[in-house]
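See below for the structure under consideration.
Residue numbers (UniProt numbering): 1 to 362.
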């Protein structure tokens, strides 16, 4: 009986727990961009101490005498804005020493630019719609508090309650997958080199639990966005488990007779991803694992090919700039359907099975 209970507990534990595939690392700020002006109502001193290497542990000596960046609110917020040197995904860890009053609160704002970090909610598109970038938290005395799950390079800290705060350190907590770059690009135009490098870094940032279309957007797995990401992944990082995980997630959450993300074209992009991933990696076992589902999806698609072999899919969508141009969308959907069936024939040949029943090229 005891053994059975232990086995059940172990099974439940493995079903409810999973290991985070991302690497957690700490990044120190590279510069203090700005502090609020010294006045009778607020002050900031020793802000440059935030740039010194820290351990993430408030030093024992701080118990008697506060150190680090001293922030004083005598009626007006005391503020400091730091730069971490590059775009990150994650949050910040604030290590605070002694505080003059219990329940002292700070306002933390994240931004990809100084202007965004300084903005109030509602200004210049600043919002908390998908990833929280502006919040107020209570800090502990002689402790560390972490917050944030967004994309940023800069962070601003405002002491919003009256009193004195010794801010020992502010470190970015970066969450990124360990994906070394295998591909590279160089040309005579340095700006173009920088554009490529930024695009590769942006793709890396979007590889979190799954492949997202943006770390500050709705953080969903959009198949239409994922296809170019998969193509870029092949060129920059090579085969990565996150591609399989994202494709599997979409299959598990979408019955074969329904559309991925509610859009027929996005189901077509999923099929194209399966094809392109196989022809890049040669992983036939992975393709075999999706054989039955792929066949069911093509059976569903066959219903939307007319007697004249025209694509009859409704809710056609390619991208927002062309959405109002219905003739262009209809032509694009027909072309996408044709390419998908060509991919289906190639996958059938790789699997050694009959190709999709309908041949839209007839």
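Think of the CB as a built atom: it goes at the ideal place given N, C-alpha and C, for glycine as much as any other residue.
Query, Result
"Stretch-stretch touch, CB-based, cutoff 8 angstroms, three pairs: the region 74–88 with the region 119–130", "no"
"Stretch pair the region 191–199 + the region 48–55: three plus CB contacts closer than 8 angstroms", "no"
"Minimum C-alpha distance to residue 297 - residue among 270, 280 and 102", "270"
"Cβ-Cβ distance between residue 131 and residue 219 below 9 angstroms", "yes"
"Same chain only: Cβ atoms within 6 angstroms of residue 169, ignoring 5 sequence neighbours per side", "54 and 95"
"Spatial distance of residue 238 from residue 289 (CA atoms)", "21 angstroms"
"Assigned exposure category for residue 29 - 16 Cβ within 10 Å defines buried", "buried"
"Test item: CB-CB of residue 332 and residue 322 under 9 angstroms", "yes"
"Residue range of the beta strand (DSSP E) that includes residue 110", "105–111"
"Opening and closing residue of the beta strand (DSSP E) in which residue 367 lies", "A question about residue 367 goes unanswered here, because the residues of the chain that appear run from 1 up to 362."
"Coarse secondary structure for residue 364, derived from DSSP in three states", "The structure shown does not extend to residue 364, since the chain spans only 1 to 362, so no value can be given for it."
"Every unbroken alpha helix (DSSP H) inside the region 161–244 [4 residues or more]", "190–206 and 223–236"
"Start-to-end residues for the beta strand (DSSP E) that takes in residue 147", "143–159"
"Beta-carbon spacing of residue 276, residue 227 below 9 angstroms", "yes"
"Residue 149 versus residue 265 - alpha carbon distance", "31 angstroms"
"DSSP state of residue 138 mapped onto helix, strand, coil", "strand"
"Pair within 9 angstroms by beta-carbon distance, residue 56 and residue 26", "yes"
"Residue 286 vs residue 244 beta-carbon contact at 9 angstroms", "yes"
"Stretch pair the region 98–113 + the region 172–183: three plus CB contacts closer than 8 angstroms", "no"
"Contact check, residue 176 vs residue 89, beta carbons under 9 angstroms", "yes"
"Burial state of residue 362 (16 or more Cβ within 10 Å)", "Caution applies to residue 362, whose pLDDT of 38 falls short of 50 and renders its modelled position unreliable; the value that the coordinates give is listed next. So residue 362 ends up on the exposed side."
"Cut-off 7 angstroms between Cβ atoms - residues of its own chain near residue 225, not counting five sequence neighbours on either side", "213"
"Other residues of its chain near residue 304: CB distance less than 7 angstroms, five sequence neighbours each side excluded", "311, 312 and 313"
"Of the listed residues 164, 135, 153 and 44, nearest to residue 101 (C-alpha basis)", "164"
"Separation of residue 195 from residue 151, as counted between CA atoms", "18 angstroms"
"Beta-bridge pairing of residue 91 - partner residues as DSSP gives them", "173"
"Of the listed residues 315, 215, 157 and 209, nearest to residue 329 (C-alpha basis)", "315"
"Boundaries (first-last residue) of the beta strand (DSSP E) holding residue 69", "69–73"
"Under the three-state DSSP convention, the category residue 264 falls into", "helix"
"Beta-bridge partners of residue 24, as assigned by DSSP", "175"
"Residue 298 - DSSP class collapsed to helix/strand/coil", "helix"
"Three-state secondary structure (DSSP) of residue 39", "coil"
"Alpha-carbon spacing of residue 338 relative to residue 352, whole angstroms", "21 angstroms"
"Option nearest residue 308 by Cα separation, candidates 44, 334, 318 and 19", "334"
"Classification of residue 295 by the beta-carbon crowding that lies within 10 angstroms, buried from 16 upward", "buried"
"Through-space distance from residue 206 to residue 234, alpha-carbon basis", "15 angstroms"
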